Amino acid sequence: MNGVDDSAQSLVVVARAVRTRGLKGEVVAEMLTDFPERFENISQLIAVSPSGWRKDVKLESYWFQKDRVVLKLFDYDTIEAANDLVGCEFSVPEAERFPLPDNHYYDWELEGCLVQVGEGRLIGKVDRILRTGGVEILAVIDQEGKELLVPMADSIVKAVDVARKSILIDPPEGLLDL
């Protein structure tokens with residue numbers, strides 16, 4: 013396959029092909045977006061293989077099947093052609109990400125942020141976001157490799173600057189000692 017030389021472009025993954033479907037080149041994909049309605053306005057995706065090649069693909073049609081999306085792409089008209097896409101992630105340019113309300117962030121925007129307390133002391137770096145059904149939790153790895161859990165509560169997280177990859181917190185006494 014011919015890759016597209018846009019490796020410097022930041023992407024947002026919206027789906028991952030898990031298997032082919034039927035004989036006409038369709039792929040069943042796991043949805044990796046919280047906004048399935050975003051497919052209504054997508055005409056082109058960027059397929060990224062596990063080995064790293066990228067290719068622009070045109071979305072011919074799509075439909076939902078349970079909690080997955082079935083994608084039919086132009087020029088993928090056989091099961092053999094579609095099989096080349098299994099394992100690929102389908103992405104859109106970061107600039108086309110679905111807009112979130114103020115003070116809401118994508119996990120990938122928070123991951124890698126440096127976490128500091130009010131006076132500027134570095135606590136660590138956000139490794140991942142934990143979802144508990146309530147307030148999201150920042151899993152922060154400190155300088156010794158220890159994991160600290162910081163709730164994304166307004167009373168604790170004072171400022172988030174995703175452009176600078178920085179989060180300022182004011183933790184209650186004892187939170188960072190847990």
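Add 12 to the 1-based position in the sequence shown for the numbering used here, that's all there is to it.
For each residue, glycine too, the CB sits at the ideal point set by N, CA and C.
What you are looking at is a predicted structure, and each value in this text was computed from that prediction instead of being measured.
(message) Going by C-alpha to C-alpha distance, which of L112, K36, I141, K170 sits closest to L180?
(response) Stepping through the sequence shown from its first residue, residue 180 is reached at position 168. That would be K170, whose Cα lies nearest to the Cα of L180.
(message) How far does the beta strand (DSSP E) with L11 in it extend, from its first residue to its last?
(response) Examination of residue 11 is not possible in this model, given that the chain is present from 13 through 190 alone.
(message) Could you compute how far the alpha carbon of D182 sits from the alpha carbon of W120?
(response) To locate residue 182, count along the sequence shown from 1; it is residue 170. To locate residue 120, count along the sequence shown from 1; it is residue 108. Their Cα atoms are separated by approximately 22 Å.
(message) Using CA atoms only, rank isn't needed, just tell me which of L44, K36, L160, L23 is closest to V30.
(response) Position 18 of the sequence shown holds residue 30. Comparing Cα positions, the closest option is L44.
(request) Identify the continuous beta strand (DSSP E) that holds L188 and give its terminal residues. (result) Within the sequence shown, numbered from 1, the residue matching residue 188 stands at position 176. Premise fails: L188 is in no beta strand (DSSP E) and is neither H nor E.
(request) Within 10 angstroms of the Cβ of S167, are there 16 or more other Cβ atoms? Answer buried if so, exposed if not. (result) On the sequence shown, position 155 is the one that residue 167 refers to. When all chains shown are included, S167 counts as exposed.
(message) Can you give me the C-alpha to C-alpha distance between E185 and C125, rounded to a whole angstrom?
(response) In the sequence shown, the residue the question calls residue 185 occupies position 173. In the sequence shown, the residue the question calls residue 125 occupies position 113. Those two C-alpha atoms are separated by around 22 Å.
(message) If distances are taken between C-alpha atoms only, which option among Q56, F51, D89 comes closest to G34?
(response) As a first step, residue 34 is located in the sequence shown; it is residue number 22 there, counting from the start. Of the candidates Q56, F51, D89, the one whose C-alpha sits nearest the C-alpha of G34 is D89.
(request) Can you tell me which of the three DSSP states F47 falls into? (result) To locate residue 47, count along the sequence shown from 1; it is residue 35. If DSSP states are grouped into helix, strand and coil, F47 belongs with coil.
(request) Compute the Euclidean distance between the alpha carbons of I135 and L71, then round it to the nearest angstrom. (result) Along the sequence shown, one-based indexing puts residue 135 at 123. Along the sequence shown, one-based indexing puts residue 71 at 59. Taking the straight line joining both Cα atoms gives about 44 Å.
(request) May I ask you to report which of helix, strand or coil DSSP gives A20? (result) Numbered from its first residue, the sequence shown carries residue 20 at position 8. The predicted model places A20 with a pLDDT of 47, which falls under 50 and marks its position as unreliable; any figure quoted below should be read in that light. Coil, per DSSP.
(request) Hey, could you find the ends of the beta strand (DSSP E) D96 is sitting in? (result) The residue labelled residue 96 in the question sits at position 84 within the sequence shown. Looking at the DSSP string, D96 is not in any beta strand (DSSP E), and its letter there is neither H nor E.
(message) By the DSSP assignment, the alpha helix (DSSP H) with D119 in it spans what residues?
(response) The residue you call residue 119 lines up with position 107 of the sequence shown. From DSSP, the alpha helix (DSSP H) with D119 extends over 119-122.
(message) If distances are taken between C-alpha atoms only, which option among L23, A59, T32 comes closest to E92?
(response) The residue given as residue 92 occupies position 80 in the sequence shown. Comparing Cα positions, the closest option is T32.
(message) Rounding to the nearest angstrom, what Cα-Cα distance links I141 and P113 in this structure?
(response) On the sequence shown, residue 141 is found 129 positions in, with the first residue counted as 1. On the sequence shown, residue 113 is found 101 positions in, with the first residue counted as 1. If I take the Cα positions, the gap works out to 18 Å.
(message) When you compare the CB positions of V82 and V40, do they come within less than 8 Å of one another, or not?
(response) In the sequence shown, the residue the question calls residue 82 occupies position 70. In the sequence shown, the residue the question calls residue 40 occupies position 28. Yes. Within cutoff.
(request) Have a look at the DSSP bridge pairing and note the partners of L160. (result) For this step, residue 160 is matched to residue 148 along the sequence shown. In the DSSP output, where bridge partners are listed per residue, L160 has V152.
(request) Have a look at E123 and F110 and give me their C-alpha separation to the nearest angstrom. (result) Stepping through the sequence shown from its first residue, residue 123 is reached at position 111. Stepping through the sequence shown from its first residue, residue 110 is reached at position 98. Cα to Cα, E123 sits roughly 18 Å from F110.
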